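One structure is given here, and the rest of the page talks about it.
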Amino acid sequence: MMRLCLFVLLLCMVIGVSAAEYKDDQLNLEINLAAESSIMLKALNPNSGMHISEGDGLFSSILMGNISISVVNQESLSYFGILLNKLVGEATPGDSLAVVREYFAWEHNRLLIKHELLYFDEHSFSSFEAAEMYAAKMRIPKGKIMEIPVINSTVKISNDRGETIYLETPLRIESDGLKVNNGSLSFDGAFVLKTVKNKLVLNHLLPLEDYLAGVIQNEIGNSSPVEALKAQAVAARTHALSLLINNRHKADGFDLCSSTHCQVYKGKYLQNESILNAVRDCSSEALFIDGNIADATYHSSCGGKTDSSSVIWKGKPVSHLNGVTCIADADSLDLSRERIARQWIDTKSSSEGMSSWERGALSWDKSISLNKLADNVGLSFINEIVIVSRGRSGRITAMKFSGNKEVRLDNEYKIRQAFDNTLSSFFYIKGAYHESGDNIVINPRGSVHLKGKGAGHGVGMCQVGALRMAREGKTYKEILQQYYPGTELKYDWMEAEPYFQMLDAE
């Protein structure tokens, strides 16, 4: 019985790093703000304290002023156990010491928050190898083996008034306003501090709808037309849900990051009444395809046509992400052909009513030295560049670089990185070229000069196009159908059935 109780305690520690939770009729997320060896929190009001408590709530303290946090010891003692699970409905009286965990699942065309019992096998092991041998003998998947920290990481927290406390992670921090690591952005509310992979991980804990109100202005602008803001809100909500289901940051200790890798989140920066109203007006709305949450990815500017996700990211075709025409004049053009792509890039598009960032994506130039380009792709020198293929949007999807060896890039993003982070891969290299079969061959000299169009990967909703449609009087629903054809807009994405079955302790 003692061993079983210990396992329950350890199990609580393991699931303590889980993030998303359904509470008070809202989906609450952990959005990562920092992952460093040490973290500094600067109070916006030096006379307002930060309330800091351990995860179990037994120990807490209020520190005034600015605080610095560092790890005193990492997880210093670990065991290995076999983590098993069963649905709550399958519980037996012997499962009274198990722990209930929530998780997302699609069932009967609905997103459910399911509840399962997590419990450890009665055997424990001092090494992974011993646990692996036992798992093989019992035909249990190796992925069920868990490292269980018996002692949580201890952190040292000091303020600028000479006060120091020591607490065990995870911690909950509450503040009416702070900045992280001398950054310029401010955040308020609840935060979670964890130790993951020998780093301190600081997350902003907030409801999904509040998160969206900190995203859309950074993605499409806070002075955009209302219908464009609403389209962005639905796309951002759908995209966030898709990322959660795919569990992109499962091992990182948070739900979503705050960069373009997920979506740009900056708290209340640039937030205004229009942003809040846009989120509120389409609250809980999301896009579905074939009964499942849709992938509602988006980008700044397609340059004329959006592209296929299967071409840009080399995955399976997705019916609503096959690419559409954004600018009518480009409809009949085959932008995968070099000559036509060049002509379209050189064609001036109307910029009436556009903001400066929109105009900047319409047409751009960039230069890079040949030596720098060679270094970026891992060559000593380059004497030949070959454009192997373009997508339907004109974006280059494969290139070869020849010098002391040959390097091939089959990734749109890596191509942009190779040329020092171009706005998009929809560009051409100025100067002479010749065709060799389906390939376009350039023999560069000195520097490489580019002329391009568009910004971003080119898949899903084009934000410049969404803004144009909104200015033309189109509704957010029309905008969403334009860029995600075949999807269905549902007005309440969470048809959840949260429930807990209380087990009688014996």
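Its first residue numbered 17, the sequence shown is counted upward by one per residue in my numbering.
Glycine included, C-beta positions come from ideal geometry on N, C-alpha and C.
Small disclaimer: the values here were computed from a predicted structure and weren't measured.
N- and C-terminal bounds of the beta strand (DSSP E) containing residue i
i: residue 287; result: From DSSP, residue 287 is part of no beta strand (DSSP E); its letter is neither H nor E.
i: residue 399; result: 398-406
i: residue 380; result: 380-385
i: residue 39; result: 37-39
i: residue 424; result: 422-425
i: residue 325; result: Note, residue 325: premise wrong, no beta strand (DSSP E); alpha helix (DSSP H) at 325-328.
i: residue 504; result: 504-506
i: residue 187; result: 187-196
i: residue 500; result: Element bounds for residue 500: n/a, residue is neither H nor E.
i: residue 182; result: 180-184
i: residue 172; result: 170-175
i: residue 370; result: Segment: none, residue 370 is in no beta strand (DSSP E) and carries neither H nor E.
i: residue 455; result: 455-458
i: residue 464; result: 463-468
i: residue 450; result: 450-452
i: residue 510; result: Residue 510 -> no beta strand (DSSP E), and no H or E assigned at all.
i: residue 207; result: 202-212
Residue i burial status per 10 Å Cβ neighbour count (16 or more: buried)
i: residue 439; result: buried
i: residue 149; result: exposed
i: residue 60; result: exposed
i: residue 540; result: This structure cannot speak to residue 540, because the chain is shown only from 17 to 522.
i: residue 397; result: exposed
i: residue 450; result: exposed
i: residue 488; result: exposed
i: residue 400; result: exposed
i: residue 503; result: buried
i: residue 157; result: exposed
i: residue 254; result: buried
i: residue 302; result: buried
i: residue 163; result: exposed
i: residue 485; result: buried
i: residue 406; result: buried
i: residue 452; result: exposed
i: residue 114; result: Legend: pLDDT at residue 114 = 44, less than 50; position of this residue unreliable, value from coordinates given subsequently. Buried, by the Cβ-count rule.
i: residue 324; result: buried
i: residue 241; result: buried
i: residue 335; result: exposed
i: residue 92; result: Confidence at residue 92 is low in this model, with a pLDDT of 48, below 50, so the placement of that residue should be treated as unreliable; the coordinate-derived value is given next. Exposed, since its Cβ has fewer than 16 Cβ neighbours within 10 Å.
i: residue 275; result: exposed
i: residue 145; result: exposed
i: residue 333; result: exposed
i: residue 153; result: exposed
Contact belief for residue i with residue j at Cβ below 8 Å, rounded distance in angstroms
i: residue 216; j: residue 53; result: 7 Å
i: residue 66; j: residue 189; result: 6 Å
i: residue 247; j: residue 492; result: 4 Å
i: residue 598; j: residue 171; result: A question about residue 598 goes unanswered here, because the residues of the chain that appear run from 17 up to 522.
i: residue 316; j: residue 472; result: 4 Å
i: residue 474; j: residue 409; result: 4 Å
Cβ-based neighbour list, residue i, same chain, cut-off 7 Å, excluding 5 preceding and 5 following
i: residue 84; result: 54, 56 and 174
i: residue 431; result: 412, 415, 425 and 441
i: residue 349; result: 356 and 360
i: residue 342; result: 318, 320, 321, 322, 478 and 481
i: residue 384; result: 435, 436, 463 and 464
i: residue 417; result: 393, 395, 398, 401 and 423
i: residue 177; result: 80 and 81
i: residue 226; result: none
i: residue 89; result: 169 and 170
Proximity test, Cβ basis, 8 Å: residue i and chain B
i: residue 393; result: Of the protein chains in this structure there is only one, and it is not chain B.
Continuous alpha helix (DSSP H) stretch holding residue i: start and end
i: residue 235; result: 232-236
i: residue 259; result: 242-262
i: residue 226; result: 224-228
i: residue 542; result: The chain is shown from 17 up to 522; residue 542 falls before or after that span and cannot be answered.
i: residue 146; result: 144-153
i: residue 446; result: It is not in any alpha helix (DSSP H) - residue 446 carries neither H nor E in the DSSP assignment.
i: residue 428; result: 428-434
Residue i CB to nearest heavy atom of the ligand ZN below 7 Å
i: residue 417; result: No copy of the ligand ZN occurs in the structure displayed, which carries no ligand at all.
Residues of its chain near residue i, where Cβ-Cβ distance is below 6 Å and the 5 sequence neighbours each way are ignored
i: residue 206; result: 190 and 221
i: residue 51; result: 215 and 217
i: residue 62; result: 81
i: residue 309; result: 257 and 258
i: residue 273; result: 48
i: residue 267; result: none
Spatial neighbours of residue i in its chain, beta-carbon cut-off 8 Å, leaving aside the 5 residues before and after
i: residue 287; result: 229, 230, 233 and 238
i: residue 379; result: 361, 364, 365, 467, 468 and 469
i: residue 236; result: 244, 245, 248, 479, 482 and 483
i: residue 78; result: 65, 66, 67 and 68
**OP:** Kindly provide the ranges of any beta strand (DSSP E) runs that are 3 or more residues long and lie completely inside the stretch 53-99, ordered along the chain.
**Re:** Correct list: 54-59, 66-70, 76-79 and 83-89.
Subject >> Complete runs of the beta strand (DSSP E) confined to the stretch 302-358 [at least 3 residues] >> reply: 302-305
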